[in-house]
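Visitor:
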Amino acid sequence: MPTARKKNILIGIFTTLLVCAIAIAALVVVKTSGDNPDSSEARSYAQSVISAINKREYANLEEFLGSSVARDTLLGDLEEKTVSLGQLHIYNKNSFMFSVVSEGKPPGPYIYATRDNNGKWQGNVP
């Protein structure tokens, strides 16, 4: 009987170690896949979009985002980058969503932006 108990304990320890090893491997794969240069550039661009909107402090979001001035403002400093502002969805005066597009690639992550209590925009950047 003691050998069967020891065997069960060893099997339990081995199974636990195997599950932990698989979980760690999965985390490493997910973490490294999100850190490619395109993802980093998309995050940087999205942060620039949010910053540009905060600098302008427009009361009417639709007016700002729909104007050619907005596109020029947002894209002006970023022309040398390979990403640009993609689809834009305005939900209401306090929230909108946009995608980041890289040249020759499918649309990148969608960034959801909301206005906080102080009137500043915060972006949920991946």
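Numbering (my numbering), first residue to last: 9 to 134. Note that the Cβ used here is the ideal one computed from N, Cα and C, for glycine as well.
By the 10 Å Cβ neighbour count, where 16 or more other Cβ atoms means buried, how is asparagine 44 classified, buried or exposed?
Guide: Because asparagine 44 sits at a pLDDT of 43, beneath the cut-off of 50, its placement in the model cannot be relied upon, and the point is left open.
Visitor: How big is the Cα-Cα spacing for threonine 11 and leucine 18?
Guide: Straight-line Cα distance between these residues: approximately 10 Å.
Visitor: My output table needs one value for glycine 127: the three-state DSSP class, helix, strand or coil.
Guide: In this structure, glycine 127 counts as coil in the three-state DSSP scheme.
Visitor: Count the other CB atoms within 10 Å of the CB of serine 41; is the residue buried (16 or more) or exposed (fewer)?
Guide: Bear in mind that a pLDDT of 47 at serine 41, under 50, signals an unreliable position, so the number given afterwards is only what the model happens to contain. Flag for serine 41 reads exposed.
Visitor: Nearest-angstrom Cα distance between arginine 13 and isoleucine 21?
Guide: Computed Cα separation, rounded: 12 Å.
Visitor: With 16 other CB atoms within 10 Å as the buried threshold, where does isoleucine 58 fall?
Guide: Looking at its Cβ environment, which holds 16 or more other Cβ atoms inside 10 Å, isoleucine 58 is buried.
Visitor: On the CB-based measure, 16 or more other CB atoms within 10 Å of its CB, does isoleucine 32 come out buried or exposed?
Guide: Exposed, by the Cβ-count rule.
Visitor: Could you pull out every residue in the same chain whose Cβ sits closer than 8 Å to the Cβ of glutamine 130, ignoring the five residues on either side in sequence?
Guide: Closer than 8 Å at the Cβ level, and outside the excluded window around glutamine 130, lie Ile58, Ala121, Thr122, Arg123, Asp124.
Visitor: Near tyrosine 99, what residues of its chain come up, given a Cβ to Cβ distance below 8 Å and the 5 sequence neighbours on each side ignored?
Guide: Once the five neighbours on either side are set aside, the close Cβ partners of tyrosine 99 are Met105.
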